[in-house]
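Asker:
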Amino acid sequence: MMKKKSIPASKPFLILFLCQIISALDVPLDSKLLEELSQPPTITHQSPKDYIVDPRENIVIQCEAKGKPPPSFSWTRNGTHFDIDKDAQVTMKPNSGTLVINIMNGGKAEAYEGVYQCTARNERGAAISNNIVIRPSRSPLWTKEKLEPHHVREGDSLVLHCRPPVGLPPPIIFWMDNAFQRLPQSERVSQGLNGDLYFSNVQPEDTREDYICYARFNHTQTIQQKQPISVKVFSMDSLNDTIAANLSDTDIYGAKPVTERQPVLLTPTGSTSTKVELRGNVLLLECIAAGLPTPVIRWIKEGGELPSNRTFFENFKKTLKIIDVSEADSGNYKCIARNTLGSVHHVISVTVKAAPYWITAPRNLVLSPGEDGTLICRANGNPKPSISWLANGVPIAIAPEDPSRKVDGDTIIFSHVQERSSAVYQCNASNEYGYLLANAFVNVLAEPPRILTPANKLYQVIADSPALLDCAYFGSPKPEIEWFKGVKGSILRGNEYVFHDNGTLEIPVAQKDSTGTYTCVARNELGKIQNEVHLEIKDPTMIIKQPEYKVVQRYGQVSFECIIKHDSTLLPTVIWLKDNDELPDDERFLVGKDNLTIMNVTDKDDGTYTCIVNTTLDSVSASAVLTVVARPNPPFDLELTGQLERSIELSWIPGDENNSPITHFVIEYEDGLHEPGVWHYQTEVPGTQTTVQLKLSPYVNYSFRVVAVNKIGRSQPSEPSEQYLTKSASPDENPANVQGIGSEPDNLVITWESLKGFQSNGPGLQYKVSWRQKDVDDEWTSVIVANVSKYIVSGTPTFVPYEIKVQALNDLGYAPEPSEVIGHSGEDLPMVAPGNVQVHVINSTLAKVHWDPVPLKTVRGHLQGYKVYYWKVQSLSRRSRRHVEKKILTFRGNKTFGMLPGLEPYSSYKLNVRVVNGKGEGPASPDKVFKTPEGVPSSPSYLKITNPTLDSLTLEWGSPTHPNGVLTSYILKFQPINNTHELGPLVEIRIPANESSLILKNLNYSTRYKFYFNAQTSVGSGSQITEEAVTIMDEGKMAMASRQVDIATQGWFIGLMCAVALLILILLIVCFIRRNKGGKYPVKEKEDAHADPEIQPMKEDDGTFGEYSDAEDHKPLKKGSRTPSDRTVKKEDSDDSLVDYGEGVNGQFNEDGSFIGQYSGKKEKEPAEGNESSEAPSPVNAMNSFV
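Read in order, the letters of the sequence shown are residues 152 to 1338 in the working numbering.
Here it is in C-alpha cells:
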C-alpha cells in the first residue's frame, strides 16, 4: 500500500489549498515559470510603523512589492491621496514604491510629519502597507536655570535632579565631571531610571562643584549639558561662625551629630504603586532608599517566583529587570530595603497588557476555477483585538460584491471561485495598544502541469541509505503524481516506497537493485507531462582498520592507521583532525596514504585524533586517543616545618605526572657542613604522600630535595630546600669493623672504620683506643688518637689474643661504651712439619694421603690448613726422567687427609706436607715415594692406510703417547661400507704389541672400509682411533672408489653427458630418416640377424622403444648376448672413451661409430666365461642412464 503524507481528513477542503500554497510559496520556482504566471501584489518591504527620522537628512519611506504583472504604487498622507507629482521635494524610485523626500536641498522635515500608507496594485488586486508615522527626531536645549549649591549634612540623603529636555526619542542620561570622567557609582550613590542622581547618605568626599548631567540624543548624535551642580557636605564639628551666620537659628540649634538612620525610600514614594507594561517588552522596576548604613535592596514576587532565566538585577540590585514579559508576569513585586536599624518595603502592582499578536495570520491562496478555500485571521491581545477585513485596500463592506465570498468574523470562505475572484485581502487586528495588518491574496489560476525538476537528473546514493528522487511540479488544479521504473515499468506501489505530497519519491532503504531510470508523471484535467531521472547505488565507504588508542613516551614516534574501503567510482579524501580541529602546522606530522605518523612526540600532541573519510556521497570517521607519557616533572615548593633537634617535617607540591601516575617520591639530603655537593639517599614515600617526617643527626647542615618516580622513570630533582643546621651532641655510635691483627710477630695493629662526617655529631672528633691481653689479669691500656683509622701497639708477644675496644668522642663528650672484640698480635712461621705421612693408592690416577696434625702452639698463628706438594719422578714404562713439575693442593682447616686426583698410571711419585698459617708455610715433612699401577693406554698416536690395491690395503700406526703400562697387543676391527652407507660384517684381528704395520689382503675391489684401532695393556683396551679407506678398481677402472660417490655431481661430467645425449638424439633422427627411405642401418641389420627375445627393437608402427633394464641397477651383464666380442671397444682402443668417467661405466660402439653401450656400476668382478658379451640396449636406455 502506498504511503502518503497528508493533512488530516477533518478538514478536507484545505488539502488542495495547502498543497498549492506549498507549491507556490515553498518550492523555488524557476524564473521562466514566474514570468508566465499571474500573481496579485505582495508587499515585500516597508518602513517601520513608528518611523523617527533625522531632520538633517533626506527622508526615505520604504515600500517594495512584487506581482505579475508588476504592480503600480500610490500613497496616502493622513488618510488622503498624496500627489507626489505636485511636490518637487518628493520622488518615487523607479520600479518601486519607495518615496524619497529631499530635505538636504531646502526641505523641512517638520513639513512632512504625518501618517503615510502605500498601495501596490495590478490587474489581480491591491496590497497596502502599514500606517507609517513619520516624525523627525528632536534634541532641544536645556532651559536656562539658576542652580543653587547644595549644602548637606554628613549622613543625610540627597537627590540631584537632571530633568532633561523632552526629546524624540528620549535621550540617554549620564553624569560626569568637568574632565568628562564618569562619576563613580556604588550602592550608596547611583543614577535612577529617570536620570536623577541619588545619594543614600552623603560623605565628606562627595563635596565637589562639578556634578554635570549629560543628555545624549542618538538620532542627531548630539549631547546636551546641564549646568554644573555644586555639593558641599558639612559635619557638625566643622561648622564655623561664617556658616552659622548664613543659617537661621532654627537650623543651627536643630543640627545634630551624625547618627545612623533606618531606611527610607527615595523612589518610588509611598508603600504601593502600579506599573503597566506591554507583552514582549522589558519590565524595569526601581527602588532607591536612603539610610545610614547604606541599605541593601532585595526583590521578591508575592505569591510566586521570579523567572530565573529572564530576571536580571542592575544598578546594585536597585533595579529589577525582566525581559520578554508575558501576561504570566503580572502580579505584585515587593522591594525591601534593609540596614542594621530596620527595613522598609514598597509593593509595585504590575499589569501586563498586550498589543495584538498573531495566532493565525492569513496565508495566500492559489486556487483553480471552481475550487473552495478560506482565509483565516486570528489574533490575540489584552484587551482582545477587533478583526476587520479589507479587499484590495477597501473595507470589505463597501468593496465590490463577489458571490463566491462570504465573511464570517475572522474567516472569509470562498466557494466555486472564478478567475475574477482574484484579489488581495487585508486583515486588521487592533486594540488600544496597537494594530496588526496582513495582506493575503487569492489567486485563481488555470494551468496545465509543469515539472520543475531538470530532465535526466542523476541521483547517486549510498547503499542502505534513503534515496529521494525529486519531482517538483506546479499546476492548477493540483496535478496527480505517479512514478514508474524503467521504460515499460508498471506504476510504483508498496511499502518499499514513500510518496511525498511535493512529488518526491522516497526509497527508504536503497539497494543495488534499486539502480535504474525512474519516470515521474504529473497530470490534471488540463494536461499531462513526464520526466525521467536516474538513480545509481554506490557501495558505502568504510574504515576497515580504525586508529587505535596509543600510549607513547615523550620524544617517541607513533602511528595511527586508517585503512579504508570505498566504491571504485568515488574518489575519497582523507582528513585528519586533532581534538576536532586541523592538525598543527608542524613538519613532525606526516600524513600518509592510510596512516598518520607523529615524529618526536611532545606533550602538546596529547589528544584525540580523528580520521575523516569524505566522498561526494558519504562521510565516515573514526577516532583514537593519544596519551603522551613521560617522567614526572620535578616537585616544587619544598617547605620545612616542625623543626626539632632530631627530626623535621618536609612537604612539597608534586609536579605534573605526565599521564603516568607517580608511584613514589625519593627524598635525598646534602650535608653542606661535611660533604657539600654530595647528595645521599634519605628515604622514600608512596606517590600519594606529600609530607614526611625525617630523622636527623646532630651537627649536620641539612638541605633536602625530592625526586618523583613513575613507571617511565625518575624526574629531575626538585630545587633544594632551605638549609637546616642541627645542634652538636656527643657521638651516638662507635666505629664499626674494629679488628686487631698483627703485621709483625711483635706488634698488634688495631684498625676501625672511621665515622662519617654527619656521624661525628659535633666538632673535635677523636677515638679512644683500649686493649689488654686476654685471659691475663691486666689493666686496660688506652690512648686517645685523632680522627684516624689505625693504631699500632708494639712489643707484644707473638700471636697472643687481645681484648680491644675503640670509643668515639668529640668536644661534647663520649659515645656509649663500645663492645669488645678479640684480636691477635702478629704471627710467625710454623715451627714443625706434619708427621706420620702415609699414602694409599686407590687406582692408577687417584691416591689418598694422611698425616698427623701439628701441635697448635707450634703453628704460631691462625691455622689456615695444610699444603701437599707432589710431583712425578718418572714413568715406569719408559724409565726416562723428565723435568719435574711440582703440583700443590691446599686443604683448608685442621684436616689430616686429602685426595690427589689426576695422577698418571704406572708412574713413580713423591710428596711432602706442610702446615700453613697467616704468615706462611712451615717446614716440609720428609718426601714420601709412591707408585701408581698400570692403566689402559691412550689411543695410538696415528693410523695411516697406504698402498691400496684391488684386494689389499697397508696399515701403519704409532704407539700410544701414554701407554700407561706395558702394551700387550693391538686390536684391529674393520667392516665394509656400501653405497648407501650401510655397514657390513665386522672383522677383528689381534696384532702383537711390537708390530707397527700390517697388510690386509683378500679385500673386495673398489670397496670402502672403516677401521677401528686401539692398544691394550694387562688392565684393558684403551681408546680407539678410526679411519676409512677404499680399494681400487680393476684394470678397466681409472678412478679411485672414493671418487665414485661424487662424480655424478661434477660439472664436467654433467656437461659431457648432455653432449652425449644430444649426439644420440641426432643419431636417432638420422636413423629414422634412413629407415623411412628403405635403407638398412647397421644396427638394424644386426638386430634382424640376431633376434633376442629380451631385447625388443623399436616398433615401426608406433615409434616406441622396447623395455630395457635400468643402467643404475648395477646387475651383471646378461649372458647369451649375440653382439660379437670383437665389436667391443677396449680402453686402449680410444683415448676419449666414456670409460674414463662415471662409476663402473662400460662403453661400446658399433663399427660405424654409433653408440650402443650400456652404463652400469659393478659391485663384483665377473669371472670370464668364453667370449664376454653384453646386450646392446637402445639409445633411450643409454639416455636413461644419465638421469
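Glycine residues also receive a C-beta, built at the ideal position from the N, C-alpha and C atoms.
What runs of the beta strand (DSSP E), each 3 residues or longer, lie entirely inside the region 573-651?
Answerer: 574-582, 585-595, 598-602, 608-613, 618-620, 624-627 and 631-636
Asker: Going along the chain, which residues of its own chain have a beta-carbon closer than 6 Å to the beta-carbon of Y202, five neighbours each way excluded?
Answerer: To locate residue 202, count along the sequence shown from 1; it is residue 51. Within the same chain, Y202 has close Cβ partners I283 and I285.
Asker: Mark Q342 as exposed unless 16 or more other C-beta atoms lie within 10 angstroms of its C-beta, in which case mark it buried.
Answerer: Your numbering for residue 342 matches position 191 in the sequence shown. With 16 or more other Cβ atoms within 10 Å, it is buried.
Asker: Answer with buried or exposed for I715, where buried requires no fewer than 16 other C-beta atoms within 10 angstroms of its C-beta.
Answerer: Here residue 715 refers to the residue found at position 564 of the sequence shown. Looking at its Cβ environment, which holds 16 or more other Cβ atoms inside 10 Å, I715 is buried.
Asker: Where V764 and G838 are concerned, what is the direct C-alpha to C-alpha distance, given to the nearest angstrom?
Answerer: Counting from one through the sequence shown, the residue named residue 764 turns up at place 613. Counting from one through the sequence shown, the residue named residue 838 turns up at place 687. The straight-line gap from Cα to Cα measures roughly 44 Å.
Asker: My assumption, with CB atoms under 8 Å, is that E1178 sits in contact with L1094. Please give the rounded CB distance.
Answerer: Within the sequence shown, the letter at position 1027 stands for residue 1178. Within the sequence shown, the letter at position 943 stands for residue 1094. Between E1178 and L1094 the beta-carbon gap is near 5 Å, inside 8 Å, which marks them as a contact.
Asker: Measure the Cβ-Cβ separation of I581 and P520 and say whether it is below 8 Å.
Answerer: Your numbering for residue 581 matches position 430 in the sequence shown. Your numbering for residue 520 matches position 369 in the sequence shown. The sequence shown places Ser at residue 581, not Ile. No.
Asker: Please name the residue or residues paired with S802 in a DSSP beta bridge.
Answerer: If you number the sequence shown from 1, residue 802 lands on position 651. Bridge partners of S802: E790 and T842.
Asker: If you scan the region 861-914 from start to end, which runs of the beta strand (DSSP E) of 3 or more residues do you find wholly inside it?
Answerer: 887-892 and 898-904
Asker: Since V1010 is in the alpha helix (DSSP H), which residue starts that stretch and which ends it?
Answerer: Residue 1010 sits at position 859 when you count from the first residue of the sequence shown. Run containing V1010: L1007 to V1010, per the alpha helix (DSSP H) assignment.
Asker: Could you work out which residue in V936, W1002, V934 and Q924 is closest to F950 when comparing CA atoms only?
Answerer: Residue 950 sits at position 799 when you count from the first residue of the sequence shown. For the residues V936, W1002, V934 and Q924, the minimum Cα distance to F950 belongs to Q924.
Asker: Label C364 either buried or exposed according to how many other C-beta atoms from any shown protein chain fall within 10 Å of its C-beta, with 16 as the threshold for buried.
Answerer: As a position in the sequence shown, residue 364 is number 213, starting the count at 1. Here C364 is buried. Its C-beta has 16 or more other C-beta atoms within 10 Å.
Asker: Measuring straight from C-alpha to C-alpha, what distance separates S811 and T445?
Answerer: Within the sequence shown, numbered from 1, the residue matching residue 811 stands at position 660. Within the sequence shown, numbered from 1, the residue matching residue 445 stands at position 294. Taking the straight line from one Cα to the other gives about 56 Å.
Asker: Taking L876 and N852 to be in contact with their CB atoms under 8 Å, please state how far apart those CB atoms are, rounded to whole angstroms.
Answerer: On the sequence shown, position 725 is the one that residue 876 refers to. On the sequence shown, position 701 is the one that residue 852 refers to. The C-beta distance from L876 to N852 rounds to 5 Å, short enough to meet the 8 Å contact threshold.
Asker: What do you get for G1071, buried or exposed, if any count of 16 or more other CB atoms within 10 angstroms of its CB means buried?
Answerer: Position 920 of the sequence shown, counting from 1, holds the residue named residue 1071. G1071 should be labelled exposed.
Asker: Just grab the DSSP bridge partners of H196 for me.
Answerer: For the purposes of this step, residue 196 is identified with residue 45 of the sequence shown, where counting begins at 1. Per DSSP, E215.
Asker: According to the neighbour-count rule (16 or more other Cβ atoms, all chains shown, within 10 Å of its Cβ), is H232 buried or exposed?
Answerer: On the sequence shown, position 81 is the one that residue 232 refers to. H232 comes out exposed.
Asker: Mind checking which residues open and close the beta strand (DSSP E) that includes W450?
Answerer: Stepping through the sequence shown from its first residue, residue 450 is reached at position 299. Looking at the DSSP string, the run of the beta strand (DSSP E) that includes W450 is V447 to K452.
Asker: In this structure, how does DSSP classify D201 when only helix, strand and coil are distinguished?
Answerer: The residue you call residue 201 lines up with position 50 of the sequence shown. DSSP, reduced to helix, strand and coil, places D201 within a strand of the structure shown.
Asker: Step through the CB atoms of chain C and report whether any lies within less than 8 Å of the CB of G218.
Answerer: The question asks about chain C, but that chain is absent: this structure has only one protein chain.
Asker: Assess, as a yes-or-no matter, whether the region 635-647 is touched by the region 702-712 under the definition of 3 or more beta carbon pairs within less than 8 Å.
Answerer: no
Asker: Could you compute how far the alpha carbon of Y1163 sits from the alpha carbon of Q1175?
Answerer: Position 1012 of the sequence shown holds residue 1163. Position 1024 of the sequence shown holds residue 1175. So the alpha carbons of these two residues sit roughly 6 Å apart.
Asker: Three-state secondary structure (DSSP) at K237?
Answerer: Here residue 237 refers to the residue found at position 86 of the sequence shown. Reduced to three states, the DSSP call for K237 is helix.
Asker: By the three-class DSSP mapping on this structure, what secondary structure does S1026 have?
Answerer: Within the sequence shown, the letter at position 875 stands for residue 1026. It is a strand residue.
Asker: Please go through the same chain and pick out, in chain order, the residues whose beta-carbon is closer than 7 Å to the beta-carbon of L435, but skip the five residues on each side of it.
Answerer: The residue you call residue 435 lines up with position 284 of the sequence shown. Here the set comprises L344, T470 and K472.
Asker: Tell me where the beta strand (DSSP E) around L916 begins and ends.
Answerer: In the sequence shown, residue 916 corresponds to position 765, counting from 1. From DSSP, L916 is part of no beta strand (DSSP E); its letter is neither H nor E.
Asker: What residue from R367, P691, I1183 and N987 has the CA that sits closest to H717's CA?
Answerer: Along the sequence shown, one-based indexing puts residue 717 at 566. Of the listed residues, the one whose Cα sits closest to H717 is P691.
Asker: For the beta strand (DSSP E) that D756 lies in, which residues bound it at each end?
Answerer: To locate residue 756, count along the sequence shown from 1; it is residue 605. Here D756 belongs to no beta strand (DSSP E), and DSSP marks it neither H nor E.
Asker: For V829 and D822, I'd like the C-alpha separation in whole angstroms.
Answerer: The residue given as residue 829 occupies position 678 in the sequence shown. The residue given as residue 822 occupies position 671 in the sequence shown. If I take the Cα positions, the gap works out to 7 Å.
Asker: Please state the DSSP three-state secondary structure of G1073.
Answerer: One-based indexing of the sequence shown puts residue 1073 at position 922. Correct three-state label for G1073: coil.
Asker: Using the C-alpha atoms, what's the distance from V495 back to W326?
Answerer: Start at 1 with the first residue of the sequence shown, and residue 326 comes out as number 175. Start at 1 with the first residue of the sequence shown, and residue 495 comes out as number 344. Near 28 Å, if we compare the C-alpha coordinates of V495 and W326.
Asker: Compute the distance between the beta-carbons of L311 and D357, then report whether it is under 8 Å.
Answerer: Here residue 311 is taken as the residue at index 160 of the sequence shown, counted from 1. Here residue 357 is taken as the residue at index 206 of the sequence shown, counted from 1. For the 8 Å CB-CB criterion, L311 and D357 do not form a contact.
Asker: Can the beta-carbon of S351 be found closer than 8 Å to that of R367?
Answerer: Locating residue 351 in the sequence shown gives position 200, where the first residue counts as 1. Locating residue 367 in the sequence shown gives position 216, where the first residue counts as 1. Taking 8 Å as the Cβ cut-off, S351 and R367 do not qualify as a contacting pair.
Asker: In this structure, how does DSSP classify M693 when only helix, strand and coil are distinguished?
Answerer: Here residue 693 corresponds to residue number 542 of the sequence shown, with the count starting at 1. M693 falls in the strand class under three-state DSSP.
Asker: Buried or exposed: where does S798 fall if 16 or more other Cβ atoms within 10 Å of its Cβ makes it buried?
Answerer: Here residue 798 refers to the residue found at position 647 of the sequence shown. Sixteen is the threshold: since fewer than 16 other Cβ atoms of the shown chains lie within 10 Å of the Cβ of S798, the residue is exposed.
Asker: With H, G and I counted as helix, E and B as strand and the rest as coil, what does DSSP make of S1325?
Answerer: For the purposes of this step, residue 1325 is taken as residue 1174 along the sequence shown, with counting starting at 1. Caution is warranted here: a pLDDT of 36 is assigned to S1325, below 50, making its placement in the model unreliable, and the coordinate value is therefore given only provisionally. Correct three-state label for S1325: coil.
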